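S.K.:
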Amino acid sequence: MITIRDVAKQAGVSVATVSRVLNSHRSSSEKARLAVQSAVEKLGYYPNANAKALAMQHNDTIGVVVTDVADPFFAILVKAVDKVAEQHHKTILIGIGYHNEEKERKAIDTLLCKRCSCLVVHAKALSDIELQQYLTRVPGMVIINRVVPKFENRCVSLDNIKGTFYATETLIHLGHQHIGYIGSNHQITDAKERMDGYLTALKHYNIHLNQYVIANSSPDFEGGEKAMIDLLSYNSNLTAVVAYNDSMAAGAISVLNENNINVPTQFSIIGFDDMPIARYLIPKLTTIRYPIDLMATYAANLALSLVDDGVSPPNHMHFNPTLVKRFSTKSLV
Numbered sequence: 002m003i004t005i006r007d008v009a010k011q012a013g014v015s016v017a018t019v020s021r022v023l024n025s026h027r028s029s030s031e032k033a034r035l036a037v038q039s040a041v042e043k044l045g046y047y048p049n050a051n052a053k054a055l056a057m058q059h060n061d062t063i064g065v066v067v068t069d070v071a072d073p074f075f076a077i078l079v080k081a082v083d084k085v086a087e088q089h090h091k092t093i094l095i096g097i098g099y100h101n102e103e104k105e106r107k108a109i110d111t112l113l114c115k116r117c118s119c120l121v122v123h124a125k126a127l128s129d130i131e132l133q134q135y136l137t138r139v140p141g142m143v144i145i146n147r148v149v150p151k152f153e154n155r156c157v158s159l160d161n162i163k164g165t166f167y168a169t170e171t172l173i174h175l176g177h178q179h180i181g182y183i184g185s186n187h188q189i190t191d192a193k194e195r196m197d198g199y200l201t202a203l204k205h206y207n208i209h210l211n212q213y214v215i216a217n218s219s220p221d222f223e224g225g226e227k228a229m230i231d232l233l234s235y236n237s238n239l240t241a242v243v244a245y246n247d248s249m250a251a252g253a254i255s256v257l258n259e260n261n262i263n264v265p266t267q268f269s270i271i272g273f274d275d276m277p278i279a280r281y282l283i284p285k286l287t288t289i290r291y292p293i294d295l296m297a298t299y300a301a302n303l304a305l306s307l308v309d310d311g312v313s314p315p316n317h318m319h320f321n322p323t324l325v326k327r328f329s330t331k332s333l334v
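Heads up: the sequence shown is residues 2 to 334, going by my numbering.
The following block contains the structure:
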C-alpha cells in the first residue's frame, strides 16, 4: 500500500510538505505542489481511507463543483445533475469554488475524500495542467463550461464566441452601427471569448470600433448598471448594447429607464444565458440561450457512464448558442 512517506520520497520533499499540499495549505510553494501532485499521480496515492475506497469501488454519490449556488445559472446546473442522480438512485454533494484556485482545489479534494466516484466540475481558476492531473486520477470526472486539452471527450462546453457574434450580428442586421459592449471583469475564459465574439462581428461587418464603447464590470445587476452609466457618459450616439449576461443586461435597462431612454424604441439590448430573469424584465429580454440544463444533464450521464458499465454513454452532443427573440430590440431600418 502506498503511503504518504512514499509520496514524499518520490517528490523529494518532507512528509510535512506532502501533508500541506494535500490539505491545500497556503504555505505550500508552487514548486512543491507540482512535485507532490506528480508523485501522487505516478504512485496512484489517495490521501485517506475514504479516497482509497474510491479507487476500489463506486458509491451512490455524484459530486458537483460550481462557482456560486446563489447564481441562477449554477442553480439550474445543480438541479439538472440532481435529476440525473435521482434517476439512477444516487444523491449529489456540492462544492463551491467562487472562481478561486484554492477553493476550487479544496472543493474537488473534499468531494473525492467523501468517495464521490463521479464528478461534474465547473472550474475556471485551476490551470489546465492541474485539471489534467485530476482527470487522469479520477476516471469519472467531467468538466463543464471549459475544454481541457487532451481530455476534450470529457469536457462539455458552449461556443461563447459564436454566441456574442450572433448577438452583435443580429443588431447589425437591424441597422445598428453604434453598438456597445458590457463585459465581465472576471479573469476567466468566458469573459474573453464573449468579448472576442463581439469584436469579431464588428470586424466582419467593417464597423469601426471606438475604444469607449466597451465597459467592463462585475457580472451582476450592479455591474450592468455601472457599465451602462460609463457607456452613456462616453457616448452620445450608441443605439444598442450586447451584454455579457442577462443580469448585466437587466442593470443596463434599469439605467436606461432612469435616463428616459426607452427600450426598444430608442435603444436595443441583447443579453446572454437566457436565465429566468430575461422573461420577466420590462421589456422581455432578447438574449442568447446557454443550454446549461441540457449540458449538465449530458455531463452527469457521461460521468456515470465512465465508472458504471450499467450506464450507457450518452449520444455525442454538440451544444450551440441560439438567439431567443423577445422585445428588447428594434429595427432602425
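Backbone N, C-alpha and C fix where the C-beta goes; we use that ideal spot for every residue, glycine too. It should be emphasised that the depicted structure is a prediction, and the values quoted were computed from it without experimental measurement.
Looking at the structure shown, is I3 part of a helix, part of a strand, or coil, going by DSSP?
M.R.: In the structure shown, I3 sits in coil (DSSP, three-state: anything other than H, G, I, E or B).
S.K.: Within the continuous alpha helix (DSSP H) that includes D197, where are the two ends?
M.R.: D197 -> alpha helix (DSSP H) spans T190 to H205.
S.K.: Using 7 angstroms as the threshold, is the C-beta distance between T287 and D275 below it?
M.R.: Taking 7 angstroms as the Cβ cut-off, T287 and D275 do not qualify as a contacting pair.
S.K.: Where DSSP assigns a beta bridge to Y182, which residues make up the other side?
M.R.: Partner(s): I215 and V243.
S.K.: By how many angstroms is the C-alpha of P292 removed from the C-alpha of L94?
M.R.: Rounded to whole angstroms, L94 to P292 spans 22 angstroms at the Cα level.
S.K.: Expressed to the nearest angstrom, what Euclidean distance is found between the alpha-carbon atoms of N246 and V85?
M.R.: When rounded, the distance between both Cα atoms is 27 angstroms.
S.K.: In chain order, which beta strand (DSSP E) runs of at least 3 residues are fully inside the region 244–330?
M.R.: Taking only runs of at least 3 residues, the beta strand (DSSP E) segments lying wholly in the region 244–330 are 269–274, 287–290 and 323–325.
S.K.: Considering just the uninterrupted stretch of the beta strand (DSSP E) at C119, what are its terminal residues?
M.R.: Run containing C119: C119 to V122, per the beta strand (DSSP E) assignment.
S.K.: Does DSSP put Q58 in a helix, a strand or coil?
M.R.: Bear in mind that the predicted position of Q58 carries a pLDDT of just 49, short of 50, making it too unreliable to give a figure here.
S.K.: Can you tell me which residues form a DSSP beta bridge with L94?
M.R.: Answer by DSSP bridge pairing, in chain order: G64.
S.K.: So A250 and I270 are in contact, right, with Cβ under 8 angstroms, and what is the actual spacing, rounded?
M.R.: The pair is a contact, with the Cβ atoms about 6 angstroms apart (cut-off 8 angstroms).
S.K.: Can you give the beta carbon distance from I145 to M296, rounded, assuming they're within the 8 angstroms contact cut?
M.R.: With 8 angstroms as the limit, I145 and M296 qualify as a contact, their Cβ atoms being about 6 angstroms apart.
S.K.: When you compare the region 180–197 with the region 104–113, are there three or more beta-carbon pairs, one atom per stretch, that lie closer than 8 angstroms?
M.R.: No contact exists between the region 180–197 and the region 104–113.
S.K.: Would you call the region 215–229 and the region 177–186 touching, i.e. three or more CB-CB distances under 8 angstroms?
M.R.: As far as the Cβ criterion goes, the region 215–229 touches the region 177–186, which means the pair count is three or higher.
S.K.: Using the C-alpha atoms, what's the distance from M142 back to V16?
M.R.: Cα-Cα distance, rounded: 28 angstroms.
S.K.: Please determine, among Q38, S28, F74 and Y99, the residue with the shortest C-alpha to C-alpha distance to T68.
M.R.: It is Y99.
S.K.: Determine, using beta-carbon pairs with one atom in the region 196–207 and one in the region 163–170, whether at least three such pairs fall under 8 angstroms.
M.R.: With a cut-off of 8 angstroms, the region 163–170 and the region 196–207 count as touching, because enough Cβ pairs lie within range.
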